[in-house]
Amino acid sequence: MSFDIDPAPNARLTSRLDVEKIAASCASDPRAARMVNVLLARATKWSTQDTVTDPGELAEWWHVCWERISDVAFAHAYRPDPVLEGWLRGEVLRICALSPDEWVGPSFRAKTRPTIAYLETAHIGLAVAIALELCPEIFSPAERQTIEEAVITKGLEPSRRWLEAQDRLPVRGAEPGRELNNWYMVLLDGYAAMALAVGSDQDIATLPDRFKKTATLYQRDSYPESLQYWGYATLHLTHLYELMSAAGLPGTDPGLLVPAARSLPWVAHSVMFPTQEGLWGEGKHLTLLNFGDSAMTGRPPADSLLCMAHHLEDPQAAGLARWLFEQGYADLELAPTDLASFGFFNQISWISLSHLADAADAVSPVAAGLPEVQGFAEGTVIARDNWTDTRTVVAVRNGHDKLPTASHRQRDQGSFIAGHGGEVFFTDPGHCCYRLRAYQDAKDSSAHSTWSFSDPASGQTMHQKQSLGIDALGVRRAPETVENVFPGPASVFGADVADAYGKPITRAQRTWITWLPHVVIIVDDIETSQPMVVNSQFVLNNRDNKLRTNRATDTRLVFRRGDSAVKFFQLSSETDGVASAAPVETQLTALHDVYDPHPNAPGQGKEGSGHVHSFPTATAGTRHRAVYIIIMDHDSQIQNWHAYAQADGTVELGLPDHTKVLLPLTRLLKETPAKSGK
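Have a look at this one:
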């Protein structure tokens, strides 16, 4: 049954779905046809359930309602079906009948009077609005009135209260934890969808200025929270742009997408390897750099990538967005669908499909002119051997520019991620349910490949500060190319991040010399105002129990994963000019793959999924230097690599072809002055 709807004069919710255009696209493009089939199959699956979620599912309805209602609304609009219509109508009315507290979210969300919106409120509002946008005719006038009353009182007004409180915060320079972050974009998107659905002119009028504020959360070339929160924030930013554009709101032009699009090279660099298998069943996934609160397995949001590929005026940026889509969405049916958006394991939607025909052709990182080694304002330097057939990626937390927000960052300065041959060896602990003690442990510097310090006088151990804040951190040496040292170009970069610790640490400098795909040299220079024992820890990936470790000596380790292998040696360690190496110590930790709002969920790591190898100094002192080398190759070749430290500080490197390379560390470390971050 359908109803003729006479929208109120001020209603501005305009359907963005062009069924005829999509049908034509399917006739000419097999990819579009496959996308439609995937969406229709998902909609059929959801419509066989009594509600948005089945009783046996781990996912709760708040966290999947937008995606699942969107799928069914599209499917019915594209190919009307009484079963889909009945499910959609019943589910929207059921949600609208829930209490105001239910619209706030799960039990861990505060229930106030009057209620204040949370992320779940925004997702509910988006779900109801999408049903009204795509299938308004399935609701009677009385039902429409009931829905609009629920949207206004349970969604729009609580969202307005939240946004007004946020608008009183300074855009930049707030105290840590009080600045705007991804929440602002998510709740603004939900607020906009609800305001347009009910035609609330007073709320619609605030959208252009509030949208402009979202641009301040992006940096000049990256996003300050984490890669996955770039995805969550940008998913809502592009959706908000599309809502405003369809409504014809003033000032809505593609330039609003540019702040997010400036991060596309950073996102491209953050894809370590094109495929990863086994963690989530069948199918191939992207392996991602997961610094901060970010997933190791996932893909950027298809809706955002194709929106930018469609609308960006810069052809290189538009093409790079399309390239990222092609990298992440070759397999359209990757599980798990219950980790879309909230869990950051993104899926296609009808919005992705609506942009496909108009999206720019893919432009690879090589064609876009991206270098193999690049530093970014959010604080990461990423190096790879090449773009076309990447064998090795090394990424380093290397200080940072001033941050618009410090949310979802971890205490990881000086830490790094390194992988070779499709295998991640040195890794980040990742993140899991925020209400777990395991999450607090994962944030700490003790769970990262960086340093801790022990005071022999007090017996206390010192880690990085609990809050590193938003101010610029580190005296940084930007990446430089070095010739005539290795048999090919190498790169040198680094940072002094002593401010991440505070007194008595006066210098905590880590310098990186990379000759990829095979060799990385790490040089640590530590200075303290009182004698301290330095503990340098390195975290190895055993998420799948496939890490094999050989302790050749007390300072020489060999790691194997799959067909790839790593030699990791401490070549030298001195305290106050005297040799000070103590035997490596090994502990176990937990590594996490994908965030889930729930504890005890897939992707939450077990203790032992990470191996922490720590190199302490044998004595306390005020000046410490250590030199480490990482050699990476196929397992069959690793035994043919050798490295030794000479008395004058030179590193002798033996290659598989039996040639030797002498590396003058003193010249490499002092050749170029340190450069301060902005």
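The sequence shown runs contiguously to residue 884 in our numbering. Using N, Cα and C, we set each Cβ at its ideal position, and we do this for glycine too.
{"Query": "Cβ-based burial, Lys360 [other Cβ within 10 Å; buried from 16]", "Result": "buried"}
{"Query": "Per-residue DSSP class, three states only, for Gly809", "Result": "coil"}
{"Query": "Rounded separation between Gly379 and Ala453 - CA only", "Result": "Because the pLDDT at Gly379 is just 45, under 50, the model does not fix this residue reliably, and the point stays unresolved."}
{"Query": "Cβ-Cβ distance between Val600 and Ala589 below 8 Å", "Result": "yes"}
{"Query": "Reduced DSSP category for Leu642 - H, G, I as helix; E, B as strand; rest coil", "Result": "coil"}
{"Query": "Beta-carbon spacing of Pro695, Glu686 below 8 Å", "Result": "no"}
{"Query": "Per-residue DSSP class, three states only, for Gly498", "Result": "coil"}
{"Query": "C-beta contact flag for Leu299 and Glu349 at 8 Å", "Result": "yes"}
{"Query": "Option in Lys671, His798, Arg367 and Ile557 with minimal Cα separation from Ser221", "Result": "Ile557"}
{"Query": "Integer Cβ distance of Pro471 from Asp427, believed to fall under 8 Å", "Result": "7 Å"}
{"Query": "Contacts around Gln522, its chain only, beta-carbon distance under 6 Å, and the 5 residues preceding and following it disregarded", "Result": "Val569 and Ala574"}
{"Query": "Cβ pair Asp799, Thr503 closer than 8 Å", "Result": "yes"}
{"Query": "Contact check, Ser652 vs Ser658, beta carbons under 8 Å", "Result": "yes"}
{"Query": "Residues of its chain near Thr259, where Cβ-Cβ distance is below 7 Å and the 5 sequence neighbours each way are ignored", "Result": "Ala265, Glu266, Trp267 and Val270"}
{"Query": "CB contact below 8 Å: Leu545 versus chain C", "Result": "Absent from the structure: chain C. Only one protein chain is present."}
{"Query": "Alpha carbon of Gly628 to alpha carbon of Glu532, nearest angstrom", "Result": "19 Å"}
{"Query": "Cβ-Cβ separation, Thr327 to Pro364 (assumed contact under 8 Å), whole Å", "Result": "6 Å"}
{"Query": "Contacts around Ala565, its chain only, beta-carbon distance under 7 Å, and the 5 residues preceding and following it disregarded", "Result": "Leu512, Ala515, His516 and Arg528"}
{"Query": "Beta carbon of Asp499 nearer than 8 Å to that of Ser432", "Result": "yes"}
{"Query": "DSSP beta-bridge partners of Ala467", "Result": "Beta-bridge pairing links Ala467 to no other residue."}
{"Query": "Alpha carbon of Ala399 to alpha carbon of Thr250, nearest angstrom", "Result": "25 Å"}
{"Query": "Cβ-Cβ distance between Ser655 and Phe622 below 8 Å", "Result": "yes"}
{"Query": "Beta-carbon spacing of Gly636, Leu797 below 8 Å", "Result": "yes"}
{"Query": "Buried versus exposed call for Val225 [16 or more other C-beta atoms within 10 Å across all chains shown]", "Result": "exposed"}
{"Query": "Bridge partners - Ile732, DSSP secondary structure assignment", "Result": "Ala714 and His830"}
{"Query": "C-alpha distance - Tyr640 paired with Ser406, whole-angstrom precision", "Result": "35 Å"}
{"Query": "Neighbourhood of Ala563 by C-beta distance below 6 Å, restricted to the same chain and skipping five residues each side", "Result": "Ser231"}
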